[in-house]
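Asks: Structure in structure tokens, see below.
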Amino acid sequence: MKLENITYLKEEPSPRNDKRQYDDACGTAHALELIGERWTLLVLRELMLGPRRFSQLRAALPGISANVLTQRLAELDQRGLVRRRKLPPPASVQVYEATEWGLEAEPIVQALGRWAARSPGHDPTLPISGVSILLSFRTMISDKRAKGIDARIGFRFGADDYAARVKKGQIKIARGSPDGCDVVFSGAPATLAAVVYGGQPLDLLGVTGDRALAQKFVTLFVLPPKVGSGG
């Protein structure tokens, strides 16, 4: 049997040599290229409620190194998800903020958080940032439990202040002074999480204003059932 001479073509190298590229046209693959690198989505998460200084981002993400944070911010800037700007006087400091497109990723953060909270391996006692706990409130609020409530809620986490509005079964939160709110919570974000999701006593937090409202507020948020628990 005569064998034909066959010339095998050498595979051309992909023009996309970055190890983070999947060479896949699926939008999910490209989403992972944008925000799938370690720490990237968490850095973007920390900008969902307003601009932050580099030092604030480091404090909110204690496991990240300065070099990695610098790299992730540069990548997010390059991809159009984050921008850097300088605040006007008297602050005159450099901050990072999510772009309009970057802010559109919040539903992704919420969906991932709700989905992963069902894992039996999820440990809610680990450290949590102020932005993270407040974003969880936007995700886990029960419209049934919040029905009929119209209230302004403030939060003080050290030097970070936030003001929220509970209305029509939803909660809107923004960075800003909690002055004038019906009730203001103060303390560590992890302590607030322990009270809201872990059933710890309200007395662990500083509470000023309407204490009855405070007691009601911490019951408005419900974690999804764990996998295998009948949910």
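Position in the sequence shown counted from 1, then plus 1, gives you this note's numbering. Glycine included, C-beta positions come from ideal geometry on N, C-alpha and C.
I need the straight-line Cα distance from Pro-121 to Leu-48, nearest angstrom please.
Replies: Computed Cα separation, rounded: 28 Å.
Asks: Would the beta-carbon of Trp-102 fall within 7 Å of that of Ile-65?
Replies: Taking 7 Å as the Cβ cut-off, Trp-102 and Ile-65 do not qualify as a contacting pair.
Asks: How would you write the range of the beta strand (DSSP E) that Pro-98 sits in, first residue to last?
Replies: Checking the sequence, you will find Glu at residue 98 rather than Pro. Taken as a continuous stretch (DSSP letters only), the beta strand (DSSP E) holding Glu-98 covers 95-99.
Asks: Can you tell me which of Phe-186, Asp-25, Arg-84 and Ala-67 puts its alpha carbon nearest to the alpha carbon of Gly-131?
Replies: When only C-alpha atoms are compared, the closest one is Phe-186.
Asks: Bridge partners of Asp-161, per DSSP?
Replies: Paired residue(s): Phe-158.
Asks: What are the partner residues of Ala-175, as DSSP defines its beta bridges?
Replies: Ala-175 pairs with Ala-164.
Asks: Using a Cβ-Cβ distance cut-off of 7 Å, determine whether Val-44 contacts chain D.
Replies: Note that chain D does not occur in the displayed structure, where there is just one protein chain.
Asks: Just how far apart, CA to CA, sit Val-219 and Arg-212?
Replies: Cα-Cα distance, rounded: 11 Å.
Asks: Do Arg-176 and Leu-50 have their C-beta atoms within less than 7 Å of each other?
Replies: Yes, Cβ-Cβ distance for Arg-176 and Leu-50 is below 7 Å.
Asks: DSSP state of Thr-1, grouped into three classes?
Replies: The structure shown does not extend to residue 1, since the chain is modelled only from 2 to 232, so the question has no answer here.
Asks: Can you give the beta carbon distance from Tyr-97 to Leu-127, rounded, assuming they're within the 8 Å contact cut?
Replies: The Cβ separation is near 24 Å, so there is no contact.
Asks: Decide if the segment 131-140 is in contact with the segment 25-32; the criterion is three or more beta carbon pairs, one per stretch, under 8 Å apart.
Replies: Counting Cβ pairs under 8 Å, fewer than three are found: no touch.
Asks: Counting Cβ pairs, one atom from each stretch, are 3 or more of them under 8 Å apart for the segment 182-201 and the segment 152-170?
Replies: Touching, yes.
Asks: So, helix, strand or coil for Arg-212, using DSSP?
Replies: Helix.
Asks: According to DSSP, Phe-222 sits in a beta bridge with which residue or residues?
Replies: Phe-222 is bridged to Ile-142.
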